[in-house]
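FYI, my numbering numbers position 62 of the sequence shown as 93, with every residue one higher than the one before it.
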Amino acid sequence: MYFAALLARTEDGWEASDTELLDNVETLSDLADLAREASPDDDTVLVLIEQEDAWFGVVRVDGEDDPRIYVSDAAAAARSSYGEILLTDELLGREPGDDGPDLDALDLDGTEDGEDEDDDDGDEASGSAEAVPHSPVGDAEILDDLGVGSKELRSLDADALTAIAEALGASEVLETVR
Numbered sequence: 032m033y034f035a036a037l038l039a040r041t042e043d044g045w046e047a048s049d050t051e052l053l054d055n056v057e058t059l060s061d062l063a064d065l066a067r068e069a070s071p072d073d074d075t076v077l078v079l080i081e082q083e084d085a086w087f088g089v090v091r092v093d094g095e096d097d098p099r100i101y102v103s104d105a106a107a108a109a110r111s112s113y114g115e116i117l118l119t120d121e122l123l124g125r126e127p128g129d130d131g132p133d134l135d136a137l138d139l140d141g142t143e144d145g146e147d148e149d150d151d152d153g154d155e156a157s158g159s160a161e162a163v164p165h166s167p168v169g170d171a172e173i174l175d176d177l178g179v180g181s182k183e184l185r186s187l188d189a190d191a192l193t194a195i196a197e198a199l200g201a202s203e204v205l206e207t208v209r
């Protein structure tokens, strides 16, 4: 189960709204646009996403600046439709469009039974698996100026969004949309 919320910082404090990301968002640009709509004054907007105890992500949008992203477990997020939105090539350190081995280029018809498997060095397949680590990726300093340091952010696991909201002083507004 997923939970996603927008937290917009205003002069009166944080305002929260829940969102159905899959209905409105297909790309990171769509997500950034959605966040910007939540704050007409170009204030900071945080998009908080979690999938039960598997992973969480934070996207920070400050006005027209490029979104900043933090994902707690890239491999877990890669298996999720929400996570795929956040895991950009840049975030994963890949060249754009490099999604691993091209399955169309592989001969998978079973006619190569007699070939020695050691002939294929397997670098391409293993490189693809390593491109999505079982560890945090992104900007761990995304919330430093808001009271959640990078070390604290990396140490969060279950119920991370509640801990982030508490540090921001926004736990009550987050609970209203949970």
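Where a beta carbon is used, it is the ideal one built from N, C-alpha and C, also for glycine.
For residue i, which residues from the same chain have a beta carbon less than 8 Å from its beta carbon, with the 5 sequence-adjacent residues on both sides left out?
i    : result
V163 : A105, A106, A109, L118, L123
S111 : Y33, Q82, A85, W86
Got a sec, what are the start and stop residues for the alpha helix (DSSP H) residue i sits in?
i    : result
R125 : R125 -> no alpha helix (DSSP H), and no H or E assigned at all.
D61  : 59 to 68
G180 : Where G180 is concerned, there is no enclosing alpha helix (DSSP H), given that its DSSP letter is neither H nor E.
S112 : 112 to 117
What residue range is occupied by the uninterrupted beta strand (DSSP E) comprising residue i?
i   : result
L37 : 33 to 41
E46 : 44 to 49
R91 : 86 to 93
E81 : 75 to 82
I4  : Residue 4 is absent from the structure shown; the chain starts at 32 and stops at 209.
Measure from the alpha carbon of residue i to the alpha carbon of each residue in the options, then state which is nearest.
i    : options               : result
D97  : E183, L205, W86, V76  : V76
G94  : L205, L184, A69, Y113 : A69
S186 : V90, D176, S166, D74  : S166
Y184 : D72, P127, T58, L79   : Note that residue 184 corresponds to Leu in the displayed sequence, not to Tyr. It is L79 whose Cα lies nearest to the Cα of L184.
Beta-carbon within less than 6 Å of residue i's beta-carbon, same chain only, minus the 5 sequence neighbours each way: which residues are those?
i    : result
G178 : A198
V168 : V102, A105, L122
Excluding the 5 residues flanking residue i on each side, which residues of the same chain have their C-beta closer than 7 Å to its C-beta?
i    : result
V208 : A36, A47, S48, D49
S202 : T193, A196
Three or more C-beta pairs under 8 Å: does that hold for the region 38 to 56 against the region 166 to 176? In this structure the region 38 to 56 does not touch the region 166 to 176; the number of beta carbon pairs closer than 8 Å is below three.
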